[in-house]
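Q: Note that the numbering used here has the sequence shown beginning at 22, numbered continuously upward. Ideal Cβ positions, reconstructed from N, Cα and C, are used throughout, including at glycine.
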Amino acid sequence: MKKRRRPVLRNSADYERAENSSRPLAEVIQHFLRVSRMQGKLDEVEVREAWREVFGTAIENRTRKLHLQKDGTLLCMLDSGPLKEEFQHGKQDIVDRLNEHLGRPVVRQVRIL
22 MKKRRRPVLR NSADYERAEN SSRPLAEVIQ HFLRVSRMQG KLDEVEVREA WREVFGTAIE
82 NRTRKLHLQK DGTLLCMLDS GPLKEEFQHG KQDIVDRLNE HLGRPVVRQV RIL
């Protein structure tokens, strides 16, 4: 197996360029997730976990489907009529509670189906 050779740094401009090209790992991972279009799926998984943690297992058991669209709309299909009615009136509260739990604005609006 060949060994990789380090780039030769001949002058201060080379050193500056090498120093500027190093970025924190978290930044590189975020860039990769955006470029590879995996961020949306990761957001959806995080929203499902937040849904369970914020609203509890009783609501989760009545939830048939949760889907986060690319525009930030959360589609929520519920089994219970009274629960649908209650959630219809508290859509903005749902958005606020989920985003607060996630620590960033992922959900922009909620549609109850």
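For Gln-90 and Leu-96, I'd like the C-alpha separation in whole angstroms.
A: Looking at the two C-alpha atoms, the distance is approximately 8 Å.
Q: From the DSSP output, which residues share a beta bridge with Val-131?
A: Val-131 pairs with Leu-95.
Q: With H, G and I counted as helix, E and B as strand and the rest as coil, what does DSSP make of Arg-125?
A: Of the three classes helix, strand and coil, the one that applies to Arg-125 here is coil, per DSSP.
Q: Bridge partners of Thr-78, per DSSP?
A: Bridge partners of Thr-78: none, in fact.
Q: Please go through the same chain and pick out, in chain order, the residues whose beta-carbon is closer than 8 Å to the beta-carbon of Val-75, but skip the five residues on each side of it.
A: Excluding positions up to five away in sequence, the list reads Arg-118, Leu-119, His-122.
Q: Do you know offhand how far Glu-107's Cα is from His-52's?
A: Going by the C-alpha atoms only, they are around 39 Å apart.
Q: Just to confirm, are Met-98 and Leu-63 a CB contact at a threshold of 8 Å?
A: Not a contact, by the Cβ cut-off of 8 Å.
Q: Identify whether Arg-83 lies in helix, strand or coil by the three-state DSSP scheme.
A: It is helical.
Q: Exposed or buried, what is Ala-79 when buried is set at 16 or more other beta-carbons lying within 10 Å of its beta-carbon?
A: Burial call: exposed.
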